[in-house]
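One structure below.
There are 2 protein chains.
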Amino acid sequence: MAGIYDYEHPFVCTDAVVFRITTQEADSYRKLPEPKLSVLLYNRPVEPFQGKWCLPGGFLNIDETPEDNIRRKLAEKSQLMECYLEQLYTFCDIERDERGRVISIAYLGLVKESEEKLNGEWFTVNTEGNRLTFEKGSIRLTEEDLGFDHYKIIQTALERLRAKLRYSDIIFHLLPTEFTLTQVQNVYEAITGKPEAAANFRRKIAHMVKETDRYTSDKGHRPAKIFVKNSDWDK
Amino acid sequence: MAGIYDYEHPFVCTDAVVFRITTQEADSYRKLPEPKLSVLLYNRPVEPFQGKWCLPGGFLNIDETPEDNIRRKLAEKSQLMECYLEQLYTFCDIERDERGRVISIAYLGLVKESEEKLNGEWFTVNTEGNRLTFEKGSIRLTEEDLGFDHYKIIQTALERLRAKLRYSDIIFHLLPTEFTLTQVQNVYEAITGKPEAAANFRRKIAHMVKETDRYTSDKGHRPAKIFVKNSDWDK
DNA sequence: TGAATAGTGTCTGTCAGACATTATGGG
DNA sequence: CCCATAATGTCTGACAGACACTATTCA
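Keeping their order, the protein sequence lines are chains A and B.
Read in the working numbering, the first sequence has 126 at position 97, and its numbers run on one by one without any break.
Read in the working numbering, the second sequence has 77 at position 48, and its numbers run on one by one without any break.
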């Protein structure tokens with residue numbers, strides 16, 4: 030049906046909060062590297078919010094789903110081909126984009142740990158009180174360094190991720206297909222920011238994982254049993 | 030900034046799944062009326078989907094938030110002035126509206142039980158297996174009788190409502206400000222479709238409610254203590 | 001041996017489900 | 001007395017948090 034698009038109506042864009050686990054070298058050679066939760070940001074080259082840090086995303090084309098739009102943008106900008114995505118929330122404040130009325134369908138994205146280098150700028154997420162900060166090398170970002178309402182979007186995404194940790198198997202989207210239980214615990218703690226007692230944590234996730242018959246062989250340490258996700262998990 | 034609206038981009042509309050508790054007279058005069066979960070639908074007067082039943086909602090204006098849009102539509106169509114609303118999900122299938130590309134920001138709405146007559150068509154929600162049907166008097170609707178993807182939207186809303194029953198105090202948006210514990214249990218059962226043991230249920234919601242010093246006086250029965258919602262509830 | 005990591009055993013309190021029991025008003 | 005509704009008591013098993021303990025590797 031022709032003509033229905035020709036009056037002024039809101040624009041639709043997408044934004045993705047993509048989290049990933051990054052590890053940094055430990056201070057001692059006997060210690061294992063400490064995993065951190067990181068988020069993908071990029072520095073905005075044009076106005077508005079030129080020079081501020083923003084989430085990946087873009088305007089939604091008329092023949093495209095928001096999820097396809099995000100996947101395309103992530104592939105273009107960051108060579109990110111494999112990513113779990115779920116819809117997060119739709120942000121609709123009238124003043125959120127000074128160029129005009131733009132609503133944003135935001136997604137939560139999770140990338141598996143892997144050795145492959147990814148383009149883009151991954152910032153570790155730090156919770157200081159109830160304020161989030163983001164760090165990469167010597168760069169430290171606070172709310173004012175982010176464009177649009179993207180700080181609020183990241184907050185919402187982190188809340189969702191933390192909530193789903195408790196009652197779903199979402200954590201495995203951040204882990205490689207094979208892992209040790211200590212690795213799972215470290216990722217869990219990196220997300221919540223709170224320490225877990227090992228014995229209790231192992232019982233808590235026991236029903237989500239399956240043993241293999243293999244072990245790690247890290248130099249200097251006791252070998253750890255390798256686990257995989259338990260795919261036939263009903264609850 | 031002028032001119033940014035003049036190329037073809039998706040339309041944005043809103044849809045609301047508004048639930049309410051309706052009671053129908055019991056068969057025996059000694060029995061209390063049985064509460065049912067009902068949803069607000071209206072019969073579509075124009076193409077597409079003329080004659081099918083649809084959710085209230087409409088196209089989003091450029092200077093309006095989706096929530097304001099819904100409240101305006103509900104007030105116009107159904108004289109519904111007070112309603113709890115939360116964003117549910119944004120439905121974006123490319124083919125969901127044959128007139129063109131339209132994405133829909135869907136809301137979950139809950140209305141308190143009250144005596145006031147409301148305009149509009151309230152259909153009771155029945156779960157038969159995993160299929161929903163909707164009934165009002167002798168009219169019985171199945172998936173095929175609903176327009177657009179509104180059946181799917183209602184399904185999503187019901188799932189959300191059922192999930193939030195467990196870990197939030199959302200049920201009180203469907204109850205009057207004063208209620209008995211049996212009333213709460215009946216509403217809970219109307220939503221889940223499953224019976225609850227009275228002793229267990231009372232313990233489960235004890236921390237969400239506060240006693241008053243008053244009692245009901247229904248003829249033919251033992252008086253029941255009247256409760257209100259416990260507003261200072263942290264967990 | 002000791003440091004660092006891997007993994008287990010046990011106690012406790014809380015809470016949900018199952019089920020039995022008591023209480024009250026009125027026909 | 002009986003019915004319908006209101007409300008409480010008790011047992012169980014599951015589970016989460018706290019905490020102490022054992023096991024393995026290698027420098």
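Think of the CB as a built atom: it goes at the ideal place given N, C-alpha and C, for glycine as much as any other residue.
Note that this is a predicted model, so its numbers are computed, not measured.
>> With a threshold of 8 Å, are at least 3 pairs of Cβ atoms found where one atom belongs to the region 216-236 of chain A and the other to the region 166-184 of chain A?
In response: By the Cβ criterion, the region 216-236 of chain A is not in contact with the region 166-184 of chain A, since fewer than three pairs of Cβ atoms, one from each stretch, lie closer than 8 Å.
> Using 7 Å as the limit for Cβ to Cβ distance, is V75 of chain A near chain B?
Replying inline: No, V75 of chain A lies away from the interface with chain B (no Cβ there is under 7 Å from its Cβ).
> Cα separation between F163 of chain B and F48 of chain B?
Replying inline: So the alpha carbons of these two residues sit roughly 12 Å apart.
>> For T51 of chain A, tell me which candidate among A:D122, A:S67, A:G166 has the shortest Cα-Cα distance.
In response: Looking at the Cα atoms, A:S67 is the closest of the given residues.
> Which residues mark the beginning and the end of the beta strand (DSSP E) in which E255 of chain A is found?
Replying inline: Checking the sequence shown, residue 255 of chain A turns out to be Ile, not Glu. Counting along the chain, the beta strand (DSSP E) containing I255 of chain A begins and ends at 254-258.
>> Tell me which residue opens and which closes the beta strand (DSSP E) that P39 of chain A is part of.
In response: That residue, P39 of chain A, is in no beta strand (DSSP E); it is neither H nor E in DSSP.
>> Taking DSSP's pairing of strands, which residues face K239 of chain B in a bridge?
In response: For K239 of chain B, which the question treats as bridged, DSSP gives the partners B:V257.
>> If we define contact as Cβ-Cβ less than 7 Å, is F177 of chain B a contact residue for chain A?
In response: Between F177 of chain B and chain A, the shortest Cβ-Cβ separation is not below 7 Å.
> Residues of chain B with a CB under 7 Å from the CB of I91 of chain A: which are they?
Replying inline: Simply E37, H38, P39, R130.
> chain A partners of I123 of chain B, CB-CB under 7 Å?
Replying inline: Chain A residues near I123 of chain B: D92, T94.
> Does the Cβ-Cβ distance between L117 of chain B and Y136 of chain B come in under 7 Å?
Replying inline: Taking C-beta atoms as the reference points, L117 of chain B and Y136 of chain B count as a pair closer than 7 Å.
>> Quick check on K134 of chain A - is its C-beta less than 7 Å from some C-beta in chain B?
In response: The question names Lys, yet the displayed sequence has Ile at residue 134 of chain A. Yes, I134 of chain A lies at the interface with chain B (some Cβ there is under 7 Å from its Cβ).
> Which residues, in order along the region 96-119 of chain A, keep a beta-carbon less than 7 Å from a beta-carbon of chain B?
Replying inline: Interface annotation for the region 96-119 of chain A against chain B: Q116, Y118, T119, criterion Cβ-Cβ distance under 7 Å.
>> Tell me the DSSP secondary structure of A219 of chain A in three-state form.
In response: In the three-state DSSP reduction, A219 of chain A falls in the helix class (H, G or I).
> Where are the beta strand (DSSP E) runs, 3 residues long or more, that stay fully inside the region 148-188 of chain B, in chain order?
Replying inline: Within the region 148-188 of chain B, the complete beta strand (DSSP E) segments of 3 residues or longer fall at 150-157, 160-165, 168-170, listed in chain order.
> Of the choices A:P252, A:G176, A:G222, whose alpha-carbon is the least far from that of R191 of chain A?
Replying inline: Nearest neighbour of R191 of chain A by Cα position, chosen from A:P252, A:G176, A:G222, turns out to be A:G222.
>> If distances are taken between C-alpha atoms only, which option among B:K106, B:G87, B:G149, B:S107 comes closest to N98 of chain B?
In response: Taking N98 of chain B as reference, the option from B:K106, B:G87, B:G149, B:S107 with the minimal CA-CA separation is B:G87.
> Is the number of C-beta pairs between the region 69-80 of chain A and the region 193-204 of chain A that are closer than 8 Å three or more?
Replying inline: The region 193-204 of chain A and the region 69-80 of chain A do not touch, with fewer than three beta-carbon pairs separated by less than 8 Å.
> When burial is assigned at 16 or more other CB atoms within 10 Å of the CB, is I168 of chain B buried or exposed?
Replying inline: Classification for I168 of chain B: exposed.
>> Given a cut-off of 7 Å on the beta-carbon distance, is the pair L139 of chain A and H202 of chain A in contact?
In response: Judged by beta-carbon spacing, H202 of chain A lies within the 7 Å limit of L139 of chain A, meaning their Cβ atoms are closer than that value.
> Straight-line CA distance for S143 of chain B to V257 of chain A?
Replying inline: Going by the C-alpha atoms only, they are around 53 Å apart.
>> In the DSSP output, what is A45 of chain A paired with across the bridge?
In response: Its beta-bridge partners are A:Y136.
> In or out: H236 of chain B buried (at least 16 other Cβ within 10 Å) or exposed?
Replying inline: It counts as exposed.
>> Just to confirm my understanding: we take P39 of chain B, look at its own chain, exclude 5 residues before and 5 after, and list those with CB closer than 6 Å. What are they?
In response: In chain order, R130, I132 place their CB closer than 6 Å to the CB of P39 of chain B, counting only its own chain and leaving out the 5 sequence neighbours on each side.
>> What does the alpha-carbon distance come out to for the pair D126 of chain B and Y36 of chain A?
In response: D126 of chain B and Y36 of chain A: Cα-Cα distance of roughly 18 Å.
> What did DSSP end up calling E96 of chain A once you bin it into helix, strand or coil?
Replying inline: Collapsing the DSSP output to three states places E96 of chain A in a helix.
>> Between the alpha carbons of N259 of chain A and V238 of chain A, how many angstroms are there, rounded?
In response: Each residue's CA atom was taken as its position, placing N259 of chain A and V238 of chain A some 4 Å apart.
> If you draw a straight line from the C-alpha of K106 of chain B to the C-alpha of E150 of chain B, how long is it?
Replying inline: Rounded to the nearest angstrom, the gap between the Cα atoms of K106 of chain B and E150 of chain B is 11 Å.
> For F93 of chain A, does the count of other Cβ atoms within 10 angstroms reach 16, so buried, or fall short, so exposed?
Replying inline: First, the residue type needs correcting, since residue 93 of chain A is Glu and not Phe in the sequence shown. The C-beta of E93 of chain A has 16 or more other C-beta atoms within 10 Å across all chains shown, which makes the residue buried.
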